[in-house]
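Engineer:
4 protein chains.
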Amino acid sequence: MATLFNFMSDNAAAPCPEVLAAITAAAPAQAAGYDGDDWSRQLDALFGTLCGRPCAVLPVSTGTAANALALATLVPPWGAIACHSEAHVQVDECGAPEFFTGGAKLLLCPGGDGKLTSAGLDAALASHRGDVHQVQMAALTLTQATECGTVYTPAEVAALAAHARAKGWRLHMDGARFANAVAHLGCAPASLTADLDALSFGCIKNGGLGAEAIVLFDLALADQLRWRRKRAGQMPSKGRFNAAQIIAMVEDDVWLRNARTANAGAQALARAAAGRLMYPVQANEVFVQLAPGEPQRLRDAGFLFYDWGDAGSNQARLVVSWDTPAEGIEALARALAAG
Amino acid sequence: MATLFNFMSDNAAAPCPEVLAAITAAAPAQAAGYDGDDWSRQLDALFGTLCGRPCAVLPVSTGTAANALALATLVPPWGAIACHSEAHVQVDECGAPEFFTGGAKLLLCPGGDGKLTSAGLDAALASHRGDVHQVQMAALTLTQATECGTVYTPAEVAALAAHARAKGWRLHMDGARFANAVAHLGCAPASLTADLDALSFGCIKNGGLGAEAIVLFDLALADQLRWRRKRAGQMPSKGRFNAAQIIAMVEDDVWLRNARTANAGAQALARAAAGRLMYPVQANEVFVQLAPGEPQRLRDAGFLFYDWGDAGSNQARLVVSWDTPAEGIEALARALAAG
Amino acid sequence: MATLFNFMSDNAAAPCPEVLAAITAAAPAQAAGYDGDDWSRQLDALFGTLCGRPCAVLPVSTGTAANALALATLVPPWGAIACHSEAHVQVDECGAPEFFTGGAKLLLCPGGDGKLTSAGLDAALASHRGDVHQVQMAALTLTQATECGTVYTPAEVAALAAHARAKGWRLHMDGARFANAVAHLGCAPASLTADLDALSFGCIKNGGLGAEAIVLFDLALADQLRWRRKRAGQMPSKGRFNAAQIIAMVEDDVWLRNARTANAGAQALARAAAGRLMYPVQANEVFVQLAPGEPQRLRDAGFLFYDWGDAGSNQARLVVSWDTPAEGIEALARALAAG
Amino acid sequence: MATLFNFMSDNAAAPCPEVLAAITAAAPAQAAGYDGDDWSRQLDALFGTLCGRPCAVLPVSTGTAANALALATLVPPWGAIACHSEAHVQVDECGAPEFFTGGAKLLLCPGGDGKLTSAGLDAALASHRGDVHQVQMAALTLTQATECGTVYTPAEVAALAAHARAKGWRLHMDGARFANAVAHLGCAPASLTADLDALSFGCIKNGGLGAEAIVLFDLALADQLRWRRKRAGQMPSKGRFNAAQIIAMVEDDVWLRNARTANAGAQALARAAAGRLMYPVQANEVFVQLAPGEPQRLRDAGFLFYDWGDAGSNQARLVVSWDTPAEGIEALARALAAG
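If you read the protein sequences in the order shown, they are chains A, B, C and D. In terms of the working numbering, the first sequence opens at residue 1300 and continues consecutively. In terms of the working numbering, the second sequence opens at residue 1300 and continues consecutively. In terms of the working numbering, the third sequence opens at residue 1300 and continues consecutively. In terms of the working numbering, the fourth sequence opens at residue 1300 and continues consecutively.
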């Protein structure tokens, strides 16, 4: 049987050595619980430097928790959150945003290549009146990189932020693959976060083990987020292990190195599948229109991946991780090039 | 200045004499509180006869409360409810379904003339996987008559009910204008309710004063609904006045008489606007594509109504109530016929 | 068989003539829905005059809804609300405060004669740390008149308000029997409301039919309350009938007249039961320590009432309404005096 | 300065070597996400053997999440949960049970030495009527070991379970220190879990790093718990690391070894403080009535601990962990013996 190469999700990746080493290093000693430890105390400053402005950083155990807690802190129960129709918050979180917010509503907006635009928001929300009979528009959430493996440029984020600001909306970014976006853009993180109220900074898909960071820029909401996090069962007693993971990812740019590796693998696949890519390949996901029969041939050859789109559409999602073996990428590239 | 004729909403109508008389008749004596009175005790039997099967009937103070409590009784917090994109539960209840259910999600399905179809549901929900990462499909809610003033036939309801049953979904009907639908169809109410788990039986738009009825057909859920209703602040101490209103509406077919009157008025308008109706006129709402300038001319002539559709589209919603003055209907019909 | 005289609850009372007349008077004409009518628009000014400062008044259909919506507007989901151990919000609302607030916690405080004191609050809450692991103290709610039929004086309310203010708590008053308290005190309503953030102004027990008023003094929260009320299914389309009831109660001091009548009846019973009253009789409730066998003798004589306290304790709660027949009060007084 | 010895909380302890080794061992390879890995799949069988009956085991990131998710699965939003007045769910979880259940209410019951009894429950709940105006009694939750460092015997658990069963209540056990209880009793775990609907099996305080296990015995609720967990942000993509920790704790009885070590340390302190212990010392917590001035002397000597009880009461809580240095225990024992 062929060796199996896993392109199903970056969730399947191993934690990277730096993250494991950080956990091990934090282990031997006793330490104060509940964010009172030395690691947890570093986080605000670490991300303050990274993002170029003050922030409160609170680790949580999953991306779903990060998104839902951040949104609950930004919008009231009667609020509405504009998001892309295919956003993770809508289609992959089992209603976590509704649960954490106390019943806010996601208003779904289409957008090519997984990306929202101001014009698209205007069109999708045109019929939303906002009178007392309706939920009140309260926030916009962007996914960076998007569900289609594309990346908002700093200018695109700024334009959407200006749109949100003009409307009085809060701005959240689901950065489960924020690292891949920054690695693609080669920009300063701050150029993407300057207008955010909160960022879900993803680690787990990018070589982390079990911690994501909520980066809250509106410090007036920090206490509220702390209470929400505690009552959500997301305040770990031995929080130093989450903080240590996050520090290990950010220090020495491990997060960018991992993301660059994954992005490069995706580019290799993209080159091999040129001409039948569904979206521009800008992060670590490659969406390919395969030929009839090709999905099965690829699977027979040992490549694991998810079908995409409608049943029978022969579309594939191929995700590259920081630790996807080079030989796997090369083998898949060859197979794709062979068509 | 011209006399004003109000076609904005049947919500503006007066309560009908029978309803007022019932309140007055229930007033003089003391009576046991909290559904222990003689009026409240009649409701189950009254609707059991009307719908041809056992049911538990619980009055509430608004249609929003009826819908949200019924849905919360039928679906779990992690449930999904399929509804028409323009359904009242989605666009006019300020998130009440999300609040009462504890965060369930409405999945929006399009449908011509405001009506859902099995094929339309299949198409709209095709991408809903239903794995653990997603909310779980739990119910279908139909609006009868629809937001477009159209009416599901008994066969259409039965087909959608069979669809729901095959999927394991609960079935709810938002019957804010159920009376108008039955009056239009001339059918037995039971032919529309045979497959329902719960019906929001509307009175207020149809000559009621301040009570709607939740008619629950799954009696195993009745206690749950009672607790939910109490904790929602919808269990009035002097419930006899709500029950008396509802009884007055149903006894002697007042509800059907009122609805027939309103429907007939809508038909008069429809005849006058033939050729520019946006949807078939089957209940008491008429949607008309007006000409440029015509909305203002109508308003100048004393007719009050809501614009519909996109700004500048010159579309109008005209709602006739049980008590809309005949001269108002005639005048508006003449104005519409004049174009 | 003896005539039955009902001392079970003021909930059993009929609506008073003024309230019925107001409903009838509001009925004949069409009127704008959803608080757009002439009656609803009067409420803010009416209570502004009554309470001597600006307020936003929103009718709801039950006292439970009034309390729960008011508290939800004042405290966050992670908040704690100090209340008397026997408060209606704790023991008679099926968890409505928890539901509407999104999970806030009631912290129960004892207090003689149903009344809280600053010292009692301090003692009961001494072990509440308020760190991030605990719900955060956010409000105090007082019941006026209390569950024991006693009344806070203006000085007592002021002292508790000062206590709350010093702690940074919001202050709510459950005034289901506010009228009875004011009638007892003979004070200006404003002397009890000067420090409140919100008052649940009760009408129903006092001759109303189906409307209570939330009187919100912190106007910065008014929009929030409007959205919460709508999404709770408590914004009626024909709101004029609720507003008209409330206006009828307040205009011409009907509320005080009704309350004085009920209070006077209670005083008659209190005189008859002097020496075995459980609490001072200050409103329209009388709690009596009966002798063994006496509860049954009273019931055999046609008096309906609730047992109180532990089973077998021979304690009775006797509630007098605005419309309790004078002969019933006299008869019960004679029976009580006979022992 | 003196060496500091930390008796504040077992939360401050390091993860034990076996747990760290298990994380490291699970790290290098890619693995299927979301409970699809080999470690997660072992959990049901592992605990099935441990507890002697089938169960579904779902790791979560904190004890608060374990308790709140378990309770939310067992009780409806209108439910009531009987618990000890000092239970962690009441005083240390910032309202998580209320949040996760959608507003259920904790009914507080006193009990000597931190332990509930059937008679105590009956007394505390005697005034709970359970009619439609009240939350409905739905579950009992026990803390094992208790907040006072005492342990329910299997017979005591069985008696409370029989009480709960007779009332129709669900039974949950908060086993944050379940290991310490079993180690103290020397019994089979099954003798404590035979009657439970759900157990929060604690690892973190006992040498774990960041995973607790919800052990659900009512398998009919397992899917519901899975959806609740996902929507609570408690379903980690790299769940193998949580599962591996839990396996490492249970395999080879590491959990019992760690607990025995901690318990033994507590016994050493108990012997030294004999005569001034506040409660029997049965787990790893020691509550001591110190003399005036003694708390400060102990702190000056390098011992860290929490004050207990009212301010100025000179009561101390001393918690021993699996890794509390022997010299620290000996030193504190000497200091306590010296008085």
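Yeah, the Cβ is synthetic: ideal placement off N, Cα and C, and Gly gets one too.
Less than 8 Å between the beta carbons of L1576 (chain D) and F1602 (chain D), yes or no?
Structural biologist: It is not a contact, given that the beta carbons lie outside the stated cut-off.
Engineer: Considering only C-alpha positions, which residue in the set A:I1380, A:A1369 and A:P1327 is nearest to L1524 (chain A)?
Structural biologist: A:A1369
Engineer: Please list, in chain order, the residues of the region 1360-1379 of chain D that have any C-beta partner in chain C closer than 7 Å.
Structural biologist: Residues of the region 1360-1379 of chain D that bring their beta carbon within less than 7 Å of a beta carbon in chain C comprise P1376 and W1377, in sequence order.
Engineer: Taking 8 Å as the CB-CB limit, is K1529 (chain A) close to chain C?
Structural biologist: At least one chain C Cβ lies under 8 Å of K1529 (chain A).
Engineer: For H1432 (chain D), report the span of its beta strand (DSSP E) as first-last.
Structural biologist: Note, H1432 (chain D): premise wrong, no beta strand (DSSP E); not H, not E.
Engineer: Kindly indicate which three-state DSSP category Q1566 (chain D) falls into: helix, strand or coil?
Structural biologist: helix
Engineer: Does A1497 (chain C) come out as helix, strand or coil in the three-state DSSP assignment?
Structural biologist: Three-state result, A1497 (chain C): strand.
Engineer: Tell me which residues share the same chain as A1437 (chain C) and place their Cβ nearer than 8 Å to its Cβ, disregarding the 5 neighbours each side in the sequence.
Structural biologist: L1373, V1374, P1375, G1378, A1379, I1380, A1403, W1468 and R1469
Engineer: Measure the beta-carbon distance from Y1502 (chain D) to A1510 (chain D) and round it to whole angstroms, keeping in mind my assumption that it falls under 8 Å.
Structural biologist: Before going further, note that residue 1502 (chain D) is Cys rather than Tyr in the sequence given. Their Cβ separation, rounded to whole angstroms, is 6 Å, which keeps C1502 (chain D) and A1510 (chain D) in contact under 8 Å.
Engineer: Which stretch, first to last residue, makes up the beta strand (DSSP E) that contains V1514 (chain D)?
Structural biologist: E1511 to L1515
Engineer: For N1557 (chain C), name the three-state secondary structure that DSSP assigns.
Structural biologist: helix
Engineer: Using the Cα positions of R1559 (chain D) and G1362 (chain C), report the straight-line distance between them to the nearest angstrom.
Structural biologist: 55 Å
Engineer: Does the contact criterion of 3 or more C-beta pairs under 8 Å hold for the region 1560-1574 of chain B versus the region 1512-1524 of chain B?
Structural biologist: no
Engineer: Please report how far the alpha carbon of G1538 (chain B) lies from the alpha carbon of L1342 (chain B), in whole angstroms.
Structural biologist: 12 Å
Engineer: Just to check my reading of the structure: G1413 (chain D) and C1382 (chain D) have Cβ atoms closer than 8 Å, yes? What is that Cβ distance to the nearest angstrom?
Structural biologist: With 8 Å as the limit, G1413 (chain D) and C1382 (chain D) do not qualify as a contact, their Cβ atoms being about 11 Å apart.
Engineer: So which residues of chain B does D1391 (chain A) contact, with C-beta pairs closer than 8 Å?
Structural biologist: Within chain B, the residues near D1391 (chain A) are H1432 and Q1433.
Engineer: Measure the Cβ-Cβ separation of N1366 (chain A) and A1482 (chain A) and say whether it is below 8 Å.
Structural biologist: no
Engineer: Are the C-beta atoms of L1635 (chain A) and some chain B residue less than 8 Å apart?
Structural biologist: no
Engineer: If you draw a straight line from the alpha carbon of A1547 (chain B) to that of G1347 (chain B), how long is it in whole angstroms?
Structural biologist: Roughly 16 Å between the two C-alpha positions.
Engineer: State the beta-bridge partners of T1442 (chain D) as determined by DSSP.
Structural biologist: D:D1473
Engineer: For W1526 (chain D), return the contacting residues in chain B, with the cut-off set at a CB-CB distance below 7 Å.
Structural biologist: W1377, V1431 and Q1435
Engineer: Taking a Cβ distance cut-off of 8 Å, strictly less, list which residues of the region 1451-1479 of chain D are near chain A, in chain order.
Structural biologist: For the region 1451-1479 of chain D, which is checked against every Cβ of chain A, not one residue is closer than 8 Å.
Engineer: Excluding sequence positions up to five away, which residues of its chain have a Cβ less than 7 Å from the Cβ of A1371 (chain C)?
Structural biologist: In the same chain as A1371 (chain C), and ignoring 5 residues on each side of it, the C-beta atoms closer than 7 Å to its own belong to F1399, T1400 and R1527, in chain order.
Engineer: Counting contacts by CB-CB distance shorter than 8 Å, is F1604 (chain A) in contact with chain B?
Structural biologist: no
Engineer: By the 10 Å Cβ neighbour count, where 16 or more other Cβ atoms means buried, how is G1332 (chain C) classified, buried or exposed?
Structural biologist: buried
Engineer: Express the C-alpha separation of A1465 (chain C) and A1519 (chain C) in angstroms, rounding to a whole number.
Structural biologist: 21 Å
Engineer: Per the contact definition of three or more C-beta pairs closer than 8 Å, is the region 1303-1314 of chain D in contact with the region 1319-1330 of chain A?
Structural biologist: yes
Engineer: From P1353 (chain C) to A1497 (chain C), what does the alpha carbon distance come to, in whole angstroms?
Structural biologist: 12 Å
Engineer: For G1654 (chain C), return the contacting residues in chain A, with the cut-off set at a CB-CB distance below 7 Å.
Structural biologist: Because chain C is modelled from 1300 through 1638, residue 1654 (chain C) falls outside the range shown and cannot be assessed.
Engineer: If we cut at 8 Å on Cβ distances, does G1401 (chain B) have a partner in chain D?
Structural biologist: yes
Engineer: Between the beta-carbon of G1532 (chain D) and the beta-carbon of A1364 (chain A), is there less than 8 Å?
Structural biologist: yes
Engineer: Determine, using beta carbons only, whether F1586 (chain B) comes closer than 8 Å to chain A.
Structural biologist: no
Engineer: Would G1638 (chain D) be called buried (16 or more neighbouring beta carbons within 10 Å of its own) or exposed?
Structural biologist: exposed
Engineer: Taking 8 Å as the CB-CB limit, is G1394 (chain C) close to chain D?
Structural biologist: yes
Engineer: Among D:V1431, D:G1410 and D:D1430, which residue has its Cα nearest to the Cα of D1421 (chain D)?
Structural biologist: D:G1410
Engineer: By how many angstroms is the C-alpha of L1635 (chain B) removed from the C-alpha of E1455 (chain B)?
Structural biologist: 32 Å
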